[in-house]
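Here's the structure we're looking at; comments come further down.
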Amino acid sequence: MITAASAGTWTLGDLTVNRIGFGAMRLTGNCGVASDRERVIGVLRRAVELGVNHIDTAAFYFSPLRSANELINTALSPYAGELVITTKVGPGRDPSGEWLPLARPDQLRGQVEENLRQLGRDHLDVVNLRQNGLESVAEHFGALADLRDAGLIRHLGLSNIRPQHLAQAQAIAPVVCVQNPYGVDTRRVHDQLVRTCGEQGVAFVPFFAIAGDGREAGGVAGNEAVAAVARAHGATPAQVRIAWTLSRGPHMLAIPGTGDPDHLVENLAAGALRLSPEELARLD
């Protein structure tokens, strides 16, 4: 049976993860069709059984009826020692779901504590600062570095950044990962940032790698080159997109999310899909 280990591993600081993980954004039903609650809990447990040990989530992943963090807690607590849960702070939503302004540096501790409560943890493995519109992330990242020193956070990362933000953050504390939109036909302006992260040993964790510019709507972006390569391998377009992501370097981590147990197995199987140089050139 193909498991999440098929694509190899990478380290986030001192934490080793399989390169195919799981993104929790779609679990709440905000993205595409909502799955039955028990089915979603079953998908999370099955993911871990199949070797997924890197789960990406956030306190602001919630719908009127569900919270991704609460679903993870229900499904997986007490947590396996090798399971790495990555969350993100910066954005926030009020109880009705409306987006709030980006958190100030002095508000980040409250967001970290919210994630701790929802997940039932006494520390967070990795916390990404998801910025929006900041010229400098130094003050915000410095606040998270203080929380790391206080033992609430183990490792720090960045999300939705411009290239200069990486150097600003690394002048304060180590950065173990960068999360930006990136895929075959999505935000290829980040090609250089992907290379920079690889050179510095920083994981690059793309989001919207499968949905493309469809973003939160879910599904798989249409692309004839992707479809042709998928047909040649007897694979799905989503699997080709995941395989392409992993081909960009050993530091690339995929976090496809789904509430469908069959799609979960398909996503993990993409770790064993090897694309030829000619196919990669066609996709580029």
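Count along the sequence shown from 1, then add 21; that gives the number in our numbering. Don't be surprised by glycine CBs; every beta carbon is placed ideally from N, CA and C. All figures in this text were calculated on a predicted structure; none of them were measured in a lab.
Is DSSP giving residue i helix, strand or coil here?
i	result
Phe83	strand
Phe162	helix
His186	helix
Ala238	Because Ala238 carries a pLDDT of 44, less than 50, the predicted location of this residue cannot be relied on, and the following value inherits that uncertainty. Residue state, collapsed to three classes: helix.
Ser27	helix
Asp57	coil
Met273	strand
Leu301	helix
Ala192	coil
Gly255	coil
Val199	strand
Gly44	strand
Asp167	helix
Gly292	helix
Met22	coil
Asp77	strand
Gly18	This structure cannot settle anything about residue 18, because the visible part of the chain is limited to 22 through 305.
Thr279	coil
Asn244	coil
Ser98	coil
Leu65	helix
Gly50	coil
Leu71	coil
Quick one, are the C-beta atoms of residue i and residue j less than 8 Å apart?
i	j	result
Leu165	His144	no
Gly178	Val147	yes
Leu140	Ile93	yes
Arg66	Ala25	no
His176	Pro126	no
Pro202	Pro227	yes
Ser84	Thr49	yes
Val158	Ala194	no
Asn152	Asn181	The question names Asn, but residue 152 in the sequence shown is Gln. In this structure, Asn181 lies closer than 8 Å to Gln152 by Cβ.
Arg130	Gly204	no
Ala89	Glu135	no
Val64	Leu285	yes
Using CA atoms only, rank isn't needed, just tell me which of the options is closest to residue i.
i	options	result
Gly113	Val105, Arg142, Pro122	Pro122
Val105	Ala290, His211, Asp305, Phe43	Phe43
Leu214	His161, Ala264, Arg169, Arg269	Arg269
Phe225	Ala264, Ala246, Thr257, His272	His272
Ala274	Leu301, Thr107, Ala101	Per the sequence shown, the amino acid found at residue 274 is Leu instead of Ala. Nearest option by C-alpha distance: Thr107.
His75	Arg87, Gln128, Cys198	Cys198
Ala248	Asn153, His186, Glu156, Glu300	Glu300
Arg87	Gln191, Gly102, Arg47	Arg47
Ala230	Asn288, Ala256, Ala80	Asn288
Ala124	Gln132, Gly118, Ser117	Gln132
Gly243	Pro277, Thr207, Cys218, Gly219	Thr207
Ala253	Ile182, Leu296, Asp57	Leu296
Pro82	Trp265, Pro99, Asp281, Ala45	According to the sequence provided, residue 82 is Tyr. The question's Pro does not apply to it. For the residues Trp265, Pro99, Asp281, Ala45, the minimum Cα distance to Tyr82 belongs to Ala45.
Thr217	His186, Leu71, Val64	His186
Arg40	Ala68, Met22, Val73	Val73
Glu70	Tyr100, Gly154, Glu91, Asp77	Tyr100
Leu168	Val64, Thr37, Arg209, Asn149	Asn149
Ile276	Pro282, Asp283, Leu267	Leu267
Gly102	Lys109, Arg142, Glu91, Asp115	Arg142
Please check if any C-beta of chain B sits within less than 8 Å of the C-beta of residue i.
i	result
Cys218	Going by chain labels, chain B is absent from the structure shown, which holds only one protein chain.
State the beta-bridge partners of residue i as determined by DSSP.
i	result
Phe229	Paired residues: none, contrary to the question.
Asn39	Thr30
Leu177	Val148
Ile263	DSSP, once it has assigned bridges, lists no residue as partnering Ile263.
Ser88	Phe83
Ala224	Cys198
May I ask you to check if the CB of residue i is nearer than 7 Å to at least one heavy atom of the ligand MG?
i	result
Thr78	The model depicted lacks the ligand MG and carries no ligand whatsoever.
**Message:** Which complete beta strand (DSSP E) runs does the segment 101 to 163 hold, if anything under 3 residues is left out?
**Reply:** 105 to 110, 145 to 151
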